[in-house]
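*Asks:*
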Amino acid sequence: MPELPEVETVRRGLVPAMEGARFAAVEARRPDLRFPFPADFAARLHGATVTALTRRAKYLLAELSTGDVLLMHLGMSGSFRVETAEKTRQPGDFHHARGAPGLHDHVVFRMSSGAIVTYNDPRRFGFMKLVAADALEAEPLLAGLGPEPLGNAFGAPLLARACAGKRTSLKAALLDQRVVAGLGNIYVCEALHRARLAPRRFAATLATRAGAPTPGALALAEAIRAVLGDAIAAGGSSLRDHRQTSGELGYFQHAFRVYDREGEPCATPACAGTVRRFVQNGRSTFWCPKCQR
DNA sequence: CCGCGGGCCTGAGAGC
DNA sequence: TGCTCTCAGGCCCGCG
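Everything in the first sequence is counted per our numbering, starting at -1 for the first residue and increasing by one.
#1: What does the Cβ neighbour count give for GLY234, buried or exposed, with the cut at 16 atoms within 10 Å?
#2: How is the alpha helix (DSSP H) around ASN279 delimited, first residue to last?
#3: In the structure shown, what three-state DSSP assignment does PRO213 receive?
#4: Buried or exposed: where does THR11 fall if 16 or more other Cβ atoms within 10 Å of its Cβ makes it buried?
#5: Return yes when the Cβ of ARG53 is within less than 8 Å of the Cβ of LEU143, no when it is not.
#6: Could you tell me the distance, in whole angstroms, from the CA atom of MET70 to the CA atom of ALA268?
#7: What would DSSP say about VAL24, mapped onto helix, strand or coil?
#8: CA-CA distance, LEU237 and LYS164?
#9: Going by alpha carbons, who is nearest to GLY76 out of MET109, VAL129 and THR7?
#10: Output the residue ranges of the alpha helix (DSSP H) runs that lie fully inside the stretch 109 to 170 and measure 4 residues or longer, sorted by chain position.
#11: Using C-beta distances below 6 Å, list every residue in its chain close to ALA131, excluding the 5 sequence neighbours before and after it, in chain order.
#12: Mind the definition here: the stretch 22 to 39 touches the stretch 100 to 114 only if three or more C-beta pairs lie below 8 Å; say whether that holds.
#13: So the beta strand (DSSP E) HIS71 belongs to, where does it begin and stop?
#14: What three-state label does DSSP hand GLU293 in the structure shown?
#15: From PHE250, VAL277, TYR249 and TRP285, pick the residue whose C-alpha is nearest to that of GLY265; which is it?
#16: At the level of alpha carbons, what is the spacing between PHE123 and GLY248?
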């Protein structure tokens, strides 16, 4: 499910419930997600105050008063929901609730704010990991991540440099978290379409030329920022699993220009093209052969 | 360095 | 109704 806009939407939903609050009770309802929980998982969280809830790429980081950082990843199907003790789930609510807890509710945090934060993940590709804050720089999961696409440092020059010498396609380059951190299959397709760049084009063709970023790199950097910004403003994209922490759906899927739109007319004004799909690096690529070059 | 295939899991949808 | 097959927003590994 979640790419950067979905993870950012989740982060914003968790902030009021978790930032400044203590873990009053922690329950891991099964021994593992993608990885086993450490034996002291609940004990290490219990009583800790969340001093900040941040995001890096598709990772959520809860910085704790104890000097630990709780690193969380939603995998393909992870979601959080936030409830209060007063307002618990009703039949038919988010996560198929029929009384508590629901199917695939794997982790429950009861916070001192009164919020009940539940992590649900049918496929269990997500995970939670506790890392000492002073070891975060050496954390293998984070080391090597590329720039944050919405950060100040990111732009055409950085993108052009990252593309230099890459003997791979633009699609594969953008999916590579070392090049830009946080994009996944949907937003790579959407960004390439907005930039009018063909997914099979060699990444190296965007590399810096004569000391200046190419027009393609300028267009792509701008398209990446625009599509992510628009998607965050829409609460992310809900295709299958993604929900905001309130249970509401995101609605950016209605604004897709190519993703999952095979056979439909291209959304570019005055382009009479048709959206096509093909498999690239094992994943579906959607694009318009007419206006993407 | 690169693409590919397989693996980790469950669930939804299509086709029969 | 129910079976089987394919595919899905992520990411890691080993192979050639």
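C-beta: ideal position from N, C-alpha, C; glycine also.
Being a predicted model, the structure only gives us computed values, none of them experimental.
*Replies:* With the given structure in hand:
#1: Per the 10 Å Cβ criterion, buried.
#2: Taken as a continuous stretch (DSSP letters only), ASN279 belongs to no alpha helix (DSSP H), as it is neither H nor E.
#3: In the structure shown, PRO213 sits in a helix (DSSP, three-state: H, G or I).
#4: Sequence check: residue 11 is Gly here, not Thr. It counts as buried.
#5: no
#6: Spanning the alpha carbons of MET70 and ALA268 requires a straight line of approximately 43 Å.
#7: In the structure shown, VAL24 sits in a strand (DSSP, three-state: E or B).
#8: 32 Å
#9: THR7
#10: 154 to 161
#11: GLY65 and VAL67
#12: yes
#13: 66 to 71
#14: Lying outside -1 to 291, the shown extent of the chain, residue 293 is not represented and no answer is given.
#15: Before going on, a small fix: residue 265 reads as Ala here, not Gly. Of the listed residues, the one whose Cα sits closest to ALA265 is TRP285.
#16: 21 Å
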